[in-house]
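Each residue of the sequence shown is one higher than the one before, counting from 1402 in my numbering.
Note that beta-carbon positions come from the ideal geometry of N, C-alpha and C, so glycine has one too.
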Amino acid sequence: NASGSAALLAIPFYHYSIFDMGLPLLAFFVNLLVMGWAIGLLVSGLVLRYGLGAENLAWVAIFAVAPVSAIYYPVSVLPPSLQVVAGLLPASHVFEGMRAVLFEQTFRTDLFINAVALNAVYLALGVGVFLAVFRAARRRGLLINVGMWCERYVIIPISLTINRMPFTWRLYKPGIEIPLSIGTLAF
């Protein structure tokens, strides 16, 4: 894990340990994970409904939200209109709370509770959207396309690796099936 390695390397090189933050770090980190789950469920639902083009929209949305999530600077430096937007994001409460732990050595329960409440709302929304889209996809037969793609992916590599003569059997080494599999995504 790259972030774990970076955290461990910071101890000898910078004489700083992020682990000194203790349980508040874990509490805020769990909030970031839950926010990721909510976004993941929402994006999975959108991809299931609209296809892989919706994945690009998800990446754009993440990069658009990052500047107002208080990752790099406090929410207080944002213009008032963007502070309102930042208040609607669990990540901004998490990073503000982590700053308080780091610089003021205090655990801001108000920021933690706000992050938990927003995560509960967004997680419920993500689950609801995903389940609604999944039900609609089952009714419309959209899951067949996903199944057909998986079937193509399984058939092509296996059939290309097994020669019908047992003395020529070998371990799987990728070849032409990689571009063929990527090509199946377009259809």
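- Where Gln-1484 is concerned, the enclosing alpha helix (DSSP H) starts and stops at 1481–1488.
- The region 1456–1472 and the region 1490–1502 touch, with three or more beta-carbon pairs separated by less than 8 Å.
- Going by C-alpha positions, Val-1431 is about 11 Å away from Leu-1424.
- The region 1522–1531 and the region 1433–1442 touch, with three or more beta-carbon pairs separated by less than 8 Å.
- When the Cα atoms are used, Gly-1576 and Glu-1456 turn out to be separated by approximately 27 Å.
- A Cβ-Cβ contact shorter than 9 Å links Leu-1458 with Leu-1447.
- With respect to Val-1502, Leu-1426 sits close: the two C-beta atoms are nearer than 9 Å.
- In this chain, Leu-1503 is not harboured by any alpha helix (DSSP H), its DSSP state being neither H nor E.
- Under the DSSP assignment, Asp-1511 falls in the alpha helix (DSSP H) whose first and last residues are 1510–1541.
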